[in-house]
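Undergrad: Taken in order, the sequence shown gives residues 1 to 421; the numbers are from full-length UniProt numbering. The beta-carbon is built from N, C-alpha and C at its ideal position, and this holds for glycine as well. Bear in mind the structure is a predicted one, so any value in this text is a computation, not a measurement. So that we are looking at the same thing, I have put the structure below in structure tokens.
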Amino acid sequence: MSLTNTDLHSSLKKYFGFSKFKGLQEDVIQNILSGNDTFVIMPTGGGKSLCYQLPALMKEGTAIVVSPLIALMKNQVDAIRGISEQHGIAHVLNSSLTKTEVKQVKEDITNGVTKLLYVAPESLTKEENVDFLRNVELSFVAVDEAHCISEWGHDFRPEYRNLRGIIDRLGDNIPIIGLTATATPKVQEDIIKNLGMTDAKVFKASFNRPNLFYEVRPKTKNVDADIIRFVKQNQGKSGIIYCLSRKRVEELAQVLQVNGVSAVPYHAGFDAKTRSKYQDMFLMEEVDVVVATIAFGMGIDKPDVRFVIHHDIPKSIESYYQETGRAGRDGGEGHCLAYYAYKDVEKLEKFMSGKPVAEQEIGNALLQEIVAYAETSMSRRKFILHYFGEDFDEVNGEGADMDDNARNPKPKVEAQEDVVK
Ligand code: ADP
Ligand code: MG
1 MSLTNTDLHS SLKKYFGFSK FKGLQEDVIQ NILSGNDTFV IMPTGGGKSL
51 CYQLPALMKE GTAIVVSPLI ALMKNQVDAI RGISEQHGIA HVLNSSLTKT
101 EVKQVKEDIT NGVTKLLYVA PESLTKEENV DFLRNVELSF VAVDEAHCIS
151 EWGHDFRPEY RNLRGIIDRL GDNIPIIGLT ATATPKVQED IIKNLGMTDA
201 KVFKASFNRP NLFYEVRPKT KNVDADIIRF VKQNQGKSGI IYCLSRKRVE
251 ELAQVLQVNG VSAVPYHAGF DAKTRSKYQD MFLMEEVDVV VATIAFGMGI
301 DKPDVRFVIH HDIPKSIESY YQETGRAGRD GGEGHCLAYY AYKDVEKLEK
351 FMSGKPVAEQ EIGNALLQEI VAYAETSMSR RKFILHYFGE DFDEVNGEGA
401 DMDDNARNPK PKVEAQEDVV K
């Protein structure tokens with residue numbers, strides 16, 4: 001299938017109402033339309049979904065989209081149905097459907113109405129579904145959140161490991177599209193190996209967030225007072241403060257409230273109603289600050305979060321990048337401040353000690369990297385990007401002066417022979 005750029009742009013406009021592609025989207029889509037295996041690595045919010053949705057809508061047959069979360073799939077299906085009168089244009093196939101619903105889904109696929117079929121890996125591995133899907137026309141298989149394949153990723157799901165075998169059974173030479181926001185070379189290798197996509201064309205966007213300022217402060221017993229001072233200096237601005245434990249979340253939220261800061265706590269121990277109440281208060285700007293465990297943030301899109309504070313060091317650079325990435329989505333300032341004490345690292349190590357050995361080894365290796373980040377005197381942006389396999393010019397690169405080390409370089413310790421003598 002060969003398409004001019006004009007064709008592509010008019011389809012983009014027609015289906016999604018956008019007049020421009022974002023970043024690498026156009027090249028990615030061209031590659032998918034040509035029937036090639038494709039590997040897409042873009043930060044969260046980069047626009048990965050459109051990379052497979054648009055070609056799926058344009059191609060003959062049904063595209064299968066493998067995704068780990070039912071909620072994510074439902075959102076996408078609703079969005080796609082919103083752009084077309086054809087209700088059957090997108091479906092989710094899962095075990096919660098009634099017999100009648102399954103029959104309708106299969107009919108829509110057979111009749112060529114369904115362009116996007118979302119499935120969780122465990123549904124795709126079901127024999128009856130494999131039997132059905134191998135007899136219909138498929139355009140390609142997109143594996144979203146492909147890092148779930150890797151134990152080095154932040155969300156390992158063993159069922160993702162069986163995907164290659166299943167896809168082979170669905171037909172010959174079905175193109176595979178892998179997509180992830182995980183930029184670490186180790187995870188990428190795992191994805192390519194596991195999905196058997198050694199010939200895939202790789203599209204990797206930059207992970208640099210030049211508007212974010214990175215800072216690490218030593219964590220002393222005055223940390224709460226330091227946080228209060230910081231928040232007061234940023235009064236009226238929205239911010240997230242991450243803590244490791246639910247207990248600390250509640251304590252710190254209270255300390256802030258007592259000190260006149262409008263703050264709510266958030267963690268998975270609250271019931272759904274309370275959680276969504278606090279979340280809405282933050283989104284509607286009834287409060288400035290949410291103090292939260294990492295349960296807060298997935299899928300939250302508040303563009304003007306001005307600071308993200310880590311009261312405790314996170315468990316990996318990957319997590320730190322994701323969590324700080326919620327600041328400055330609108331391109332405006334975003335201050336990312338982490339408090340660091342080695343004691344906290346030992347706490348995290350203790351957490352892991354009950355886990356299987358292989359998992360502990362990976363966990364500890366990831367932890368050592370975040371320790372190195374906290375202790376480094378080099379450009380923090382360079383450190384993070386290097387971890388993601390990306391070069392960064394700490395003198396002229398975009399955002400080069402946006403971290404504590406770049407602003408206040410530590411004096412280099414040099415051997416001075418004459419002084420030593
Ligand atoms: P990702 O999966 O990479 O995290 P999404 O696919 O969820 O990102 O897209 C993030 C946001 O970007 C969505 O709100 C989407 O509608 C928007 N978006 C995607 N492509 C474009 C585009 N070409 N122009 C404008 N907005 C876009
Ligand atoms: Mg996505």
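Return the residue from the list Thr-4, Tyr-15, Gly-35 and Thr-44 that minimises the CA-CA distance to Gly-23.
TA: Thr-44
Undergrad: Compute the distance between the beta-carbons of Val-65 and Ala-142, then report whether it is under 9 Å.
TA: yes
Undergrad: Could you tell me whether any non-hydrogen atom of ligand 1 is closer than 8 Å to the CB of Ala-327?
TA: no
Undergrad: Looking only at DSSP bridge pairs, what is Lys-321 linked to?
TA: Looking at the sequence shown, residue 321 is not Lys but Tyr. The partner list for Tyr-321 (beta bridge, DSSP) is empty, contrary to what the question assumes.
Undergrad: Provide the residue(s) that pair with Ala-90 in DSSP beta bridges, ordered along the chain.
TA: Leu-116
Undergrad: On the criterion of 16 or more Cβ atoms from any shown chain inside 10 Å, does Lys-421 qualify as buried, or is it exposed?
TA: Interpretation of Lys-421 is limited by its pLDDT of 42, a score under 50 that renders its predicted location unreliable; the figure taken from the coordinates is listed afterwards. Exposed: under 16 other Cβ atoms inside 10 Å.
Undergrad: Would you tell me roughly how many angstroms separate the C-alpha atoms of Val-28 and Leu-54, rounded to the nearest one?
TA: 11 Å
Undergrad: Below 8 Å on the Cβ atoms is my guess for Ser-262 versus Val-289; work out the distance and round it to an integer in Å.
TA: 7 Å
Undergrad: With a threshold of 9 Å between beta-carbons, can Arg-381 be considered close to chain B, or not?
TA: Looking at the structure shown, chain B is missing, and only one protein chain is on hand.
Undergrad: May I ask you to check if the CB of Gly-45 is nearer than 8 Å to at least one heavy atom of ligand 1?
TA: At least one heavy atom of ligand 1 is nearer than 8 Å to the Cβ of Gly-45, so yes.
Undergrad: Under 9 Å, do Asp-37 and Pro-121 count as touching if we go by C-beta distance?
TA: Here Asp-37 is not near Pro-121, since their CB atoms are 9 Å or more apart.
Undergrad: Let me check you understand the geometry: is the CB of Leu-179 closer than 8 Å to at least one non-hydrogen atom of ligand 1?
TA: yes
Undergrad: Going by alpha carbons, who is nearest to Pro-185 out of Lys-277, Glu-390, Met-402 and Ile-313?
TA: Glu-390
Undergrad: Gln-188: buried (16+ other C-beta within 10 angstroms of its C-beta) or exposed?
TA: buried
Undergrad: In whole angstroms, what is the alpha-carbon distance linking Met-352 and Gly-363?
TA: 7 Å
Undergrad: Measuring from the CB of Gln-25, is there a heavy atom of ligand 1 at a distance below 8 Å?
TA: yes
Undergrad: For Lys-56, count neighbouring C-beta atoms within 10 Å of its own C-beta (all shown protein chains included) and say buried if the count is 16 or more, exposed if not.
TA: The question names Lys, but residue 56 is Ala in the sequence shown. Burial call: buried.
Undergrad: Going residue by residue through the segment 273-348, where are the continuous alpha helix (DSSP H) segments of at least 4 residues, counting only ones entirely within it?
TA: 317-324
Undergrad: How is the beta strand (DSSP E) around Lys-204 delimited, first residue to last?
TA: 201-204
Undergrad: Do the segment 208-215 and the segment 165-172 touch if we need at least three Cβ pairs shorter than 8 Å?
TA: no
Undergrad: Roughly how many angstroms lie between the CA atoms of Ser-316 and Leu-366, to the nearest whole one?
TA: Between the C-alpha atoms of Ser-316 and Leu-366 there is a straight-line separation of about 5 Å.
Undergrad: Pick out whichever of Gly-399, Phe-296 and Lys-219 has its Cα sitting closest to the Cα of Gly-375.
TA: The question names Gly, yet the displayed sequence has Glu at residue 375. Taking only the C-alpha atoms, the option nearest Glu-375 is Lys-219.
Undergrad: Any contact between the segment 320-336 and the segment 268-284? By contact I mean 3 or more CB pairs, one from each, below 8 Å.
TA: no
Undergrad: Using only the alpha-carbon positions, how far apart do Val-92 and Val-77 sit?
TA: Looking at the two C-alpha atoms, the distance is approximately 7 Å.
Undergrad: For Ala-268 and Thr-293, which I take to be in contact (beta-carbon distance under 8 Å), what is that distance rounded to the nearest angstrom?
TA: 7 Å
Undergrad: Following the continuous beta strand (DSSP E) through Ala-63, name the residue where it begins and the one where it ends.
TA: 62-66
Undergrad: Grab the span of the alpha helix (DSSP H) containing Val-130 for me, first residue to last.
TA: 127-133
Undergrad: Can you determine whether any heavy atom of ligand 4 sits closer than 8 Å to the C-beta of Asp-190, and answer yes or no?
TA: Absence of ligand 4 is noted for the structure shown, with ligand 1 and ligand 2 being the only ligands found.
Undergrad: When DSSP builds the beta bridges, which residues end up paired with Ser-238?
TA: Under DSSP, Ser-238 shares a beta bridge with Val-305.
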